[in-house]
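In this note's numbering, the protein residues as written are 1 to 437. From the three backbone atoms N, C-alpha and C, an ideal C-beta is built for every residue, glycine too. Notes follow once the structure below has been shown.
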C-alpha cells in the first residue's frame with residue numbers, strides 16, 4: 001500500500017499514474033477528458049477527487065477496469081494527513097478529499113438507531129462511482145431519479161431490484177429505458193404519469209407519493225411533488241385500478257435537510273389513510289417509503305431523536321409493511337472535504353478579504369439556494385497565534401455573486417497568499433449542483 005506522499009497530478013498524456021491520483025481543479029479540458037473517459041458514466045463524477053480511507057478491499061462487485069487507473073485509494077490515514085501530503089508539494093490548485101470509509105460508518109449508525117428502515121441511498125446527492133460502488137459492496141439499495149443515476153448504479157454490479165426510480169415526473173423515454181433495464185419500482189403522483197407507465201411499462205410496481213408537511217425542512221419540495229391525501233389520492237388509486245396498474249405502497253418526502261421528527265410522524269399517519277383505501281380497492285399494499293430529508297453528521301443528535309420517534313410511529317402501523325427511506329445528505333455530507341488556497345488578499349478596514357480557487361458556483365453552489373446553508377472554513381495547518389479578524393471569502397470568477405456563503409460573523413487569523421483553508425461536510429449536493437470552472 002502506497003504512502004500518502006506518493007501522490008501525483010494526472011496529465012493528459014499519462015495512461016497510468018502513481019497509486020494515488022489527485023486531479024486538480026485547473027480548467028484544463030484535455031486533462032478532464034483524460035479522466036472522464038475512464039469512468040463508467042462520463043460526466044457523473046468530477047475530475048478532481050482524491051479518495052481516502054475506503055473499506056479494507058476495493059468493492060468486489062465493481063468493474064476494476066472502470067475504477068482504475070483514474071480511481072485509486074489510500075488507507076489508514078486521516079483526511080488531514082492527505083491534505084498535508086498534497087499541500088506541501090508546492091501545488092496551489094484546489095482539490096477535494098473523499099473519505100469513502102464514512103459510508104460504512106454512516107450505515108452502521110443508521111442500523112444502530114433505525115434498524116427497521118432500509119436505506120435506499122439518494123444517488124442525486126453525491127453521484128460518484130467510487131461511493132456508489134462501495135455502497136454496492138455493502139449490499140445497499142438506491143434511490144435513482146434519472147437514467148444516468150440508474151446507469152451509474154448498475155455499472156457497479158447492483159441489481160435492478162435494488163433500485164427505486166423515485167422521480168414522480170419522468171420523461172417517457174426514461175421510463176422505457178429503466179423498464180428495459182429491469183428497474184421495476186417507481187413513484188407517481190399524477191394521472192399523466194400513470195398514463196405513461198400504462199403505455200410504456202405496465203408491469204412496473206408503483207408507489208403513490210403523497211404531500212406531507214414540509215415546513216420544517218430547509219428546502220421544501222411540496223410545491224412541486226406529492227398528491228394531497230383525501231380526494232386526490234383516492235382518484236389516483238381509482239384511475240390506476242382502471243388502467244390495471246399495480247400500486248404497492250405509499251411514499252412521502254418531508255423536504256431536504258429536515259431536523260424535526262414531527263413531519264415524519266405526521267406523514268406516517270397520513271399514509272395509513274392511503275393504505276386503507278388502497279387495500280379496499282384490492283391493491284396489495286406492502287411498501288412504505290418515508291423518503292429523505294435526514295440531516296448530515298453535524299446533526300446526529302437530531303437524527304437519533306428522529307429515528308426514535310419514527311420507529312415508535314411505525315410500530316403502530318395497521319398492516320405488515322416493508323419500510324424504506326431515501327437518505328442522501330445523511331450519507332453524502334460527511335464524505336467530502338474541500339480544500340482551497342488563498343490566491344489574493346486585501347484589507348477593507350479591519351476586514352480581511354480572501355480570494356480562493358473554489359467557487360460559489362462550484363462545490364459551494366448549495367449556498368446559493370434560499371436556505372441558511374453556510375460554510376465554515378478551517379485553516380490548514382492550524383495557526384499558532386490567537387488573533388483573528390473579520391473575514392470574507394470570494395470565489396475566483398469575475399462575477400460579483402461569487403462569494404462563499406460563510407457565517408456572518410466569520411473570524412479568521414491573518415492569512416497570506418498561498419495559505420490553505422478547508423471545509424468539512426461538503427459532500428451533499430456539491431459536485432451535483434456545481435459547475436466545472
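Query	Result
Contact the stretch 126-138 vs the stretch 148-161: 3+ CB pairs below 8 angstroms	yes
Nearest candidate by alpha-carbon position, reference residue 201, set 213, 212 and 183	183
With 16 other Cβ atoms within 10 Å as the buried cut-off, status of residue 192	exposed
In DSSP terms, what residue 325 is bridged to	119
Where residue 279 falls, given that 16 or more other Cβ within 10 Å makes a residue buried	exposed
Contact set for residue 385: own chain, Cβ-Cβ below 8 angstroms, skip 5 residues either direction	413 and 414
Residue 348 to residue 392 span [Cα, whole Å]	10 angstroms
8 angstroms contact criterion, which residue 162 and residue 188 should meet: CB distance rounded	Going by Cβ atoms, the distance from residue 162 to residue 188 rounds to 20 angstroms, so no, they are not a contact pair.
For residue 309 and residue 254, the rounded distance between their alpha carbons	15 angstroms
Proximity winner among 366, 134, 177 and 420, relative to residue 104 (alpha-carbon distances)	134
Cβ neighbour criterion (16 or more within 10 Å) applied to residue 426	buried
Beta-carbon proximity of residue 287 to residue 322, cut-off 8 angstroms	yes
Close Cβ partners of residue 299 (< 6 angstroms) along its chain, the five nearest in sequence each way excluded	259
Residue from 101, 108, 151 and 81 with nearest C-alpha to residue 123	151
Within 8 angstroms, strictly: CB atoms of residue 172 and residue 209	no
Cβ-based burial, residue 312 [other Cβ within 10 Å; buried from 16]	exposed
Where residue 99 falls: helix, strand or coil (DSSP)	strand
Neighbourhood of residue 443 by C-beta, 6 angstroms cutoff - its chain only, sequence neighbours within 5 removed	The question about residue 443 has no answer here: the residues shown for the chain are numbered 1 through 437.
Residue 83: first and last residue of the uninterrupted beta strand (DSSP E) it sits in	Segment 79-87 is the alpha helix (DSSP H) holding residue 83; no beta strand (DSSP E) there.
Reduced DSSP category for residue 171 - H, G, I as helix; E, B as strand; rest coil	coil
Cα-Cα separation, residue 382 to residue 422	11 angstroms
Cα-Cα separation between residue 102 and residue 270, rounded to whole angstroms	34 angstroms
Pairwise C-alpha distance: residue 227 and residue 243	18 angstroms
Through-space distance from residue 181 to residue 138, alpha-carbon basis	22 angstroms
For residue 249: DSSP bridge partner residues	207 and 287
Alpha-carbon spacing of residue 91 relative to residue 406, whole angstroms	25 angstroms
Per-residue DSSP class, three states only, for residue 202	coil
Those residues which DSSP pairs with residue 422 across a bridge	339 and 378
Backbone secondary structure at residue 391 - three-state DSSP	strand
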